[in-house]
Amino acid sequence: MPTIAWGSIGLIAGKIGGNFRQQTLGMTTGAFIIGFLSFFIFTPQLSMPTWIIGLISGLFWVLGQSMYFQSFYKIGVSKTVPMSTGLQLIVNTMIAVFAFQEWQTTGDYLIGSSAIILLVTGATFTAYQEEGKLMTSDKNNSYLKFLPLLISTIGFVLYTIIVRFGQVTYDVESTAVILPQAIGMLLGALCISKKKDLTEIKTRINIITGLTWGIGNLFMFIAMEKVGLATSFSLSQAGIVISTLGGIFILKEAKTKRELFLTVLGCFIIIIGGILLGIMK
9 MPTIAWGSIG LIAGKIGGNF RQQTLGMTTG AFIIGFLSFF IFTPQLSMPT WIIGLISGLF
69 WVLGQSMYFQ SFYKIGVSKT VPMSTGLQLI VNTMIAVFAF QEWQTTGDYL IGSSAIILLV
129 TGATFTAYQE EGKLMTSDKN NSYLKFLPLL ISTIGFVLYT IIVRFGQVTY DVESTAVILP
189 QAIGMLLGAL CISKKKDLTE IKTRINIITG LTWGIGNLFM FIAMEKVGLA TSFSLSQAGI
249 VISTLGGIFI LKEAKTKREL FLTVLGCFII IIGGILLGIM K
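So for the sequence shown, the numbering used here puts the first residue at 9; every next one is plus one.
As structure tokens, this is what we get:
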């Protein structure tokens, strides 16, 4: 479910349009609706640690998602998604290993290290851009284009890590954290939004993006509780095939033949790395 839902977000948001504030606010509104419904479906006990962890996690998510949308405009959906996926997989896995001891045996470290190498290689391939396409001004600002992506990665990593910390330390239930997290997301989105964004049609339509994301998020945390952070997050990222190829063929993002080949190859290398992390469980 996270694979299908999250893999479709870039395409849905790309088709709907709007600036990053409208996209973030619309998306958090949809996510809040899912969080509100999940509370009545699962009727979890909301302890103080659950509220604190959920709210903080939601605020970090807003940082990640708003920069993620900005990255769409800077470098495109087909480049943002696989690079973001690779970076998140690497950082989340390293924290899961060293902070939560999710790798135990020599085999875990052997397979896991191989997976990390594949992830780095895949992310590098998807970032490739032919020199001939770059204007002089683009060359001077090429690294700055990736700044929103790096900030986004930090936000997304902290959004998942803090929930995993709550599960390990305070026995926070996956279904219990969804509503507090959604409230934190909505509050964060309101803080970065302008008054006119509240009434824009693009904001309202982007609620569809949020509903899609919220469904994936719900199943992500259920999976995290059952099989751990490294496995659940790794397998959830296979949706890059949907978003990356969709960005090229549906959103018509320009690619040379060489860029297209390396982007597709990079996607599949990242998926192989993610599967290696997943089969360790």
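Ideal placement from N, C-alpha and C gives every residue a C-beta, glycine not left out.
The model shown is predicted, which means the values in this text are computed figures rather than measured ones.
Distance between residue j and residue i (C-alpha atoms, nearest Å)
i: I215; j: G34; result: 4 angstroms
i: L194; j: T217; result: 14 angstroms
i: L226; j: S182; result: 8 angstroms
i: Q31; j: T211; result: 6 angstroms
i: I277; j: A135; result: 13 angstroms
i: F173; j: K202; result: 33 angstroms
i: T168; j: G196; result: 16 angstroms
i: S55; j: F269; result: 50 angstroms
i: V185; j: F44; result: 11 angstroms
i: Y117; j: L206; result: 48 angstroms
i: E261; j: I83; result: 10 angstroms
i: V272; j: V249; result: 8 angstroms
i: L67; j: I200; result: 11 angstroms
i: I12; j: L253; result: 14 angstroms
i: G224; j: M9; result: 6 angstroms
i: F257; j: T264; result: 13 angstroms
i: K234; j: P156; result: 32 angstroms
i: S16; j: S46; result: 21 angstroms
i: G111; j: I279; result: It should be noted that the sequence gives Trp, not Gly, for residue 111. Between W111 and I279, the C-alpha separation is close to 20 angstroms.
i: L198; j: K204; result: 11 angstroms
i: I64; j: T113; result: 33 angstroms
i: Y151; j: A104; result: 29 angstroms
i: G115; j: W59; result: 38 angstroms
Whether residue i touches residue j by CB criterion (9 angstroms)
i: G274; j: T129; result: yes
i: I42; j: G163; result: no
i: G255; j: V89; result: yes
i: A231; j: T239; result: yes
i: Q245; j: W14; result: yes
i: L284; j: S92; result: no
i: G72; j: A131; result: no
i: F106; j: G18; result: no
i: G38; j: L187; result: no
i: I119; j: M102; result: no
i: F294; j: G281; result: Because the chain spans 9 through 289 in this model, residue 294 falls outside it and cannot be assessed.
i: F40; j: I191; result: yes
i: G286; j: L243; result: yes
i: V171; j: F229; result: yes
i: T161; j: Q96; result: yes
From the options, residue whose alpha carbon lies closest to that of residue i
i: L158; options: R29, M75, S244, Q109; result: M75
i: R266; options: G26, Q137, L45, G15; result: Q137
i: I98; options: E110, V165, E233; result: V165
i: G20; options: T271, F257, S251; result: Residue 20 is actually Ile in this sequence, not Gly. Checking every option, the nearest Cα to that of I20 belongs to S251.
i: G25; options: V171, I213, G115, E261; result: I213
i: G247; options: S160, N27, F28, V85; result: V85
i: Q78; options: Q175, K153, C199; result: K153
i: P52; options: D179, L198, K234; result: D179
i: F28; options: I279, K87, E233, E208; result: E208
i: N100; options: P57, L127, Q112; result: L127
i: F133; options: K204, T58, K87, S16; result: K87
Where residue i sits in the DSSP three-state scheme
i: L158; result: helix
i: T114; result: helix
i: I250; result: helix
i: L259; result: coil
i: P52; result: coil
i: M102; result: helix
i: Q96; result: helix
i: F108; result: coil
i: V180; result: coil
i: T264; result: coil
i: Q137; result: coil
i: K202; result: coil
i: G163; result: helix
i: G26; result: coil
i: G18; result: helix
Residue i Cβ short of 8 angstroms to the ligand MG heavy atom set
i: L126; result: For the ligand MG, the structure offers nothing, since it holds no ligand at all.
Runs of alpha helix (DSSP H) lying entirely within the stretch 208-236, each at least 4 residues, in chain order: With a minimum length of 4 residues, the continuous alpha helix (DSSP H) runs that stay inside the stretch 208-236 are 209-213, 215-235.
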